[in-house]
Structure formats: C-alpha cells, structure tokens
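Quick note on numbering: the sequence shown equals residues 0 to 221 in numbering that gives the first Met the number 0.
C-beta atoms are modelled at their ideal positions from N, C-alpha and C, and glycine is treated no differently.
Owing to the predicted nature of the structure, the values given are computational and were not obtained by experimental measurement.
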Amino acid sequence: MLLLFSFPNNQLLVGSDFRVLLQGLLPTTFPNVGKKVRSLAASVLFYIPVVREISLFTGCISATRSVATKALERGQSLLVLPGGEAEQLLTKHGVELIYLKHRKGFVKLAMKNNTFLVPVYVFGCNDLFVTKDTFYKQRHWIMKKFGICLPLAKGVLGSWCPLQVDQTVVFGDPIRFKNYTDVGPTEEEVNVAHEQFTVAIKKLFDENKKQCGYADRELIIV
Numbered sequence: 000m001l002l003l004f005s006f007p008n009n010q011l012l013v014g015s016d017f018r019v020l021l022q023g024l025l026p027t028t029f030p031n032v033g034k035k036v037r038s039l040a041a042s043v044l045f046y047i048p049v050v051r052e053i054s055l056f057t058g059c060i061s062a063t064r065s066v067a068t069k070a071l072e073r074g075q076s077l078l079v080l081p082g083g084e085a086e087q088l089l090t091k092h093g094v095e096l097i098y099l100k101h102r103k104g105f106v107k108l109a110m111k112n113n114t115f116l117v118p119v120y121v122f123g124c125n126d127l128f129v130t131k132d133t134f135y136k137q138r139h140w141i142m143k144k145f146g147i148c149l150p151l152a153k154g155v156l157g158s159w160c161p162l163q164v165d166q167t168v169v170f171g172d173p174i175r176f177k178n179y180t181d182v183g184p185t186e187e188e189v190n191v192a193h194e195q196f197t198v199a200i201k202k203l204f205d206e207n208k209k210q211c212g213y214a215d216r217e218l219i220i221v
C-alpha cells in the first residue's frame with residue numbers, strides 16, 4: 000500500500016526536527032510502510048554541498064513532480080508539507096495557521112498515482128519559536144524569486160534552539176480517490192478532492208485539540 004502523508008503545519012520554521020525524529024518512529028508505528036517513507040524537500044537543498052548529503056541521509060528526496068512520481072512507482076511512501084516556504088514565513092507563535100488553499104499539487108499527485116492520502120497534524124510545532132514579521136515583504140520576494148525561506152525567529156535565550164514544547168502527531172483516516180492512473184483528473188475533480196482533504200484536516204484538528212492541550216485554538220487555513 001502506498002501512502003502520501005500530508006503534514007500541513009509550520010514546523011519547518013527554523014528546522015525540521017520533528018520530521019527527522021518522526022522518521023525514526025514510523026517503522027514502529029507503521030511497520031508495513033515506515034521504512035519506505037521519503038520526505039519531499041525543496042530542490043534547492045540538493046545543490047548545496049553538505050546540506051545535500053544531510054538531506055539524503057535523513058530520507059529526503061527532491062520535491063519535483065518527476066522524482067515524487069518515481070518514488071511512488073518504486074513502492075515508497077511520501078511525507079509532504081504542502082505549505083512549504085510560504086507557510087514558514089506566515090508562521091506566528093501560538094497561532095495554528097496552515098497555507099493550504101492554493102496548494103493542490105500533492106492532491107493531484109495522489110489522484111494520478113492511485114495513492115492513499117493521509118492527513119496529519121503536529122500539535123505544538125507553532126510554539127517552538129517566537130517569530131517576527133520584520134522585513135516580511137523583502138523575505139517573501141526572496142522566497143518567490145529563489146525558493147529560499149529566511150525565517151526570523153528565536154528560541155531558548157534568543158537562540159535557534161527550540162523552546163521546550165511537547166509535540167504530538169495525530170493521523171487521520173486515509174483518503175482514497177477514484178483511480179485516475181489512465182486518465183488524469185480534471186481541474187474540477189482536483190478541486191473537489193482538495194476540499195475533501197481540507198475538511199479532513201480541519202476535522203482532525205478539532206477532534207484532537209482538546210486532548211493535546213490546545214482546546215482554546217482554532218485552525219486558520221489560508
């Protein structure tokens with residue numbers, strides 16, 4: 000069974016700690032697919048010496064459509080953070096906000112490859128750092144132009160070490176769409192499927208926020 004895990008959250012604000020740690024837990028939690036999970040990462044990372052090696056060592060592959068498709072064809076599962084750099088820049092400490100309305104590529108990928116799409120949310124990740132929106136327009140331009148995010152955030156004693164906050168990963172029910180492997184889905188069909196995923200992630204958040212300690216928060220989807 001192929002799975003496309005989707006993590007709409009802002010943890011990549013400064014680092015990707017939860018993703019690396021989660022990769023060590025997945026084989027135990029999902030023994031049938033855990034060892035085959037690969038994380039989609041920004042293509043630019045694979046052009047930077049040392050960063051490229053670290054990315055590959057921690058199970059990352061390029062987020063290009065061709066690479067992702069080949070991974071699914073090999074029987075691997077993908078871990079995706081749809082919000083990407085845009086969501087990183089929008090991250091605010093203590094605010095549950097995800098950048099999802101205009102990110103539909105991962106849904107289309109699942110539909111075209113007849114793959115389960117699993118909604119996932121990480122509670123606690125938005126509280127790991129205190130963020131700033133200084134020079135947002137300039138940093139947004141750099142992000143759009145070069146695909147690079149320049150976060151302004153601080154953790155313990157003003158450093159990039161994250162604050163001590165528990166993180167809880169919750170998984171929703173797998174979503175399976177109609178088989179589109181022979182003929183790709185239309186734009187309208189992708190929109191309907193994307194809305195289905197959006198409803199699922201909102202439901203997942205609302206059903207788990209109280210027991211995870213975030214009963215007073217609402218999920219903002221932009």
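Helix, strand or coil: which one does DSSP assign to residue i?
i	result
L203	helix
C148	coil
I219	strand
T130	strand
P173	coil
M0	At M0 the pLDDT is 46, less than 50, meaning the model places this residue with poor confidence and gives no usable figure here.
K103	coil
I141	helix
V32	coil
K91	coil
R37	strand
L80	coil
V182	coil
L116	strand
V168	strand
L162	coil
V49	coil
K136	helix
C124	helix
K111	helix
K208	coil
Nearest CA to the CA of residue i: which residue from the options?
i	options	result
D172	E186, F122, E72 and E206	E206
P81	P118, D215 and Y213	P118
F128	K153, E194 and K177	K153
K34	W159, A41 and P26	P26
A70	L39, T133 and G123	L39
T28	F170, P184, I47 and F45	F170
H193	A41, G93 and Y98	Y98
L24	G123, T57 and N178	T57
G123	V49, Y135, E187 and H92	H92
How about residue i and residue j: are their beta carbons less than 8 Å apart?
i	j	result
V32	S76	yes
R37	I60	yes
I220	K208	no
K224	V189	Nothing can be reported for residue 224: it is not among the residues displayed for the chain, which extend from 0 to 221.
E95	N125	yes
F4	L78	yes
L116	I174	yes
TODO: Decide yes or no for the touch test of the stretch 112 to 124 against the stretch 140 to 154: beta carbon pairs closer than 8 Å, at least 3 of them.
DONE: Counting Cβ pairs under 8 Å, fewer than three are found: no touch.
Open item on the list: Using a Cβ distance threshold of 8 Å, determine whether the stretch 97 to 104 contacts the stretch 160 to 178, with at least three qualifying pairs required.
Closed with: As far as the Cβ criterion goes, the stretch 97 to 104 does not touch the stretch 160 to 178, which means the pair count is below three.
Task: Touch test, the stretch 60 to 80 against the stretch 88 to 98, Cβ-Cβ under 8 Å, three pairs minimum - done: no
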